[in-house]
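J.: According to this note's numbering, the residues represented by the sequence shown are 4 to 269, in order. Even for Gly, the Cβ is constructed at its ideal location relative to N, Cα and C.
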Amino acid sequence: MNKAQIAVLAVAVAAGGAAFMMMNGSSPPPPVQIVAPSPVNVDQVLVAARDLPYGTEITDADTNWIDWPKGSIPVGALSKSEAPNAKEDLKTSYVRIPISGGEPVRKDRLIKGVTAGLMSTMLSPGKRAIAIDVTLNNTAGGFILPNDRVDVIRTYRDTEATKDLGHEVYGSEVVLSNVRVLAMGQTIEKKGAEPVVTGSTATLELDPRQAELVVLAQRTGQLVLSLRPITDAIVKDAAAEAPPDSGEDDTLTVVKHGVSANLRMK
């Protein structure tokens, strides 16, 4: 081995020894500190215990309180800190917008009691809502209001009598008696950029048989509402009277082009 090789080997050994001494003399790395997460501030939120479709009546089993981070409570959700009695208060409410299971319950998706904002809540069981076209002249001068009781009268042109007598002859008949008015409202349409009142409607509460009679009568004549006294409101809905001469077969006589025809409901 020549002198140059001996010199390189000596330098390498010296460098290795120095590195070994530096490693042994250095301080060990600091231990890793584990920071425990701070506790989450939670509240309880009322959620649906199952899917609640439209029209569901809320019961105690339909909702549950569950823990929910306070910082992420949805807007409108019912929290126990703000509405501790919400579970009890919502009983007998009805679902107007479907709620999925596990979803927070919002008051704006429910409706409680009878309200004009949702016509279906105003209907008695087994009843139907039927709207008819009316004017100021055929609604007791515009004094008929919701919950009033009325008779429904059909007026029509008697074609056969008009032909026989040589002048216009009109007839009338009571289609229904003592039925409840649910709502009175205007029909508004847009003509250009301006809203224009084009008519009015009266919404009546009827059973299915009465609803068919009114629809048929409206096609064969003009309907007029006759206001009854407030004392008639105590009559039970099931006892709403049919016209005295309606008969058991529910027929409606229509005269057209001098020929009379009996229209019979199925």
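Any idea which residues DSSP pairs THR158 with across the strands?
T.: According to DSSP, which records beta bridges pairwise, THR158 is partnered with SER175, GLN225.
J.: Pull up the CB-CB distance for GLY79 and ASP46, whole angstroms please, since I reckon it's below 8 Å.
T.: No, GLY79 and ASP46 are not in contact; Cβ-Cβ is about 14 Å, not under 8 Å.
J.: So if DSSP puts VAL43 in a beta bridge, which residue, or which two residues, is it bridged to?
T.: In DSSP, VAL43 forms no bridge with anything.
J.: When burial is assigned at 16 or more other CB atoms within 10 Å of the CB, is ASP65 buried or exposed?
T.: Flag for ASP65 reads buried.
J.: What's the C-alpha gap between ALA134 and PRO87?
T.: Near 42 Å, if we compare the C-alpha coordinates of PRO87 and ALA134.
J.: Name the two residues that bound the continuous alpha helix (DSSP H) containing ASP92.
T.: Start and end: 89-92.
J.: For ARG157, count the other beta carbons within 10 Å of its own beta carbon; 16 or more makes it buried, fewer makes it exposed. Which is it?
T.: Buried is the call here.
J.: For GLU208, count neighbouring Cβ atoms within 10 angstroms of its own Cβ and tell me buried if that reaches 16, exposed if not.
T.: Result: buried.
J.: Can you give the beta carbon distance from LEU81 to TYR97, rounded, assuming they're within the 8 Å contact cut?
T.: Contact flag wrong, Cβ pair sits at about 16 Å.
J.: From LEU185 to VAL48, what does the alpha carbon distance come to, in whole angstroms?
T.: LEU185 and VAL48: Cα-Cα distance of roughly 37 Å.
J.: Assess contact between the region 213-233 and the region 141-149, defined as three or more Cβ pairs (one per stretch) separated by less than 8 Å. Is contact present?
T.: Segments in contact, yes.
J.: If you reduce the DSSP assignment to three classes, tell me which class THR206 lands in.
T.: In this structure, THR206 counts as strand in the three-state DSSP scheme.
J.: If I measure Cβ to Cβ from VAL258 and keep anything under 7 Å in the same chain, skipping five residues before and after, which residues do I get?
T.: Below a pLDDT of 50, predicted positions are generally treated as unreliable, and VAL258, at 47, falls in that range; the measurement from the model is reported next regardless. Excluding residues within five positions, the ones whose Cβ falls inside 7 Å are ASP161, THR162, GLU163.
J.: Would you list the residues sitting across from TYR97 in a DSSP beta bridge?
T.: According to DSSP, TYR97 bridges with GLU60, ILE114.
J.: Please identify the residue among ASN44, VAL172, ASP210 whose C-alpha is closest to the C-alpha of ARG131.
T.: Ranking the options by Cα distance to ARG131, first place goes to ASP210.
J.: Cα separation between GLY105 and SER123?
T.: Those two C-alpha atoms are separated by around 27 Å.
J.: Just mark ALA51 as buried or exposed, buried being the case when its beta carbon has 16 or more other beta carbons within 10 Å.
T.: Per the 10 Å Cβ criterion, buried.
J.: Can you round the beta-carbon distance between THR204 and VAL153 to whole angstroms, since I take them to be within the 8 Å contact cut?
T.: That belief does not hold up - the Cβ atoms of THR204 and VAL153 are roughly 14 Å apart, past 8 Å.
J.: Just how far apart, CA to CA, sit LEU219 and ILE102?
T.: Approximately 39 Å between the Cα atoms of the pair.
J.: Assuming THR95 and ILE147 are in contact, meaning their beta carbons sit under 8 Å apart, how far apart are those beta carbons, in whole angstroms?
T.: Actually they do not touch by this definition, with Cβ atoms about 31 Å apart.
J.: Do you know offhand how far ASP92's Cα is from ARG99's?
T.: Using only the alpha carbons, I get a separation of about 16 Å.
J.: Hey, would you say LYS90 sits closer than 8 Å to ASN44, going by beta carbons?
T.: Their beta carbons are not under 8 Å apart, which means LYS90 does not touch ASN44 by this criterion.
J.: For THR142, which of helix, strand or coil comes out of DSSP?
T.: THR142 falls in the coil class under three-state DSSP.
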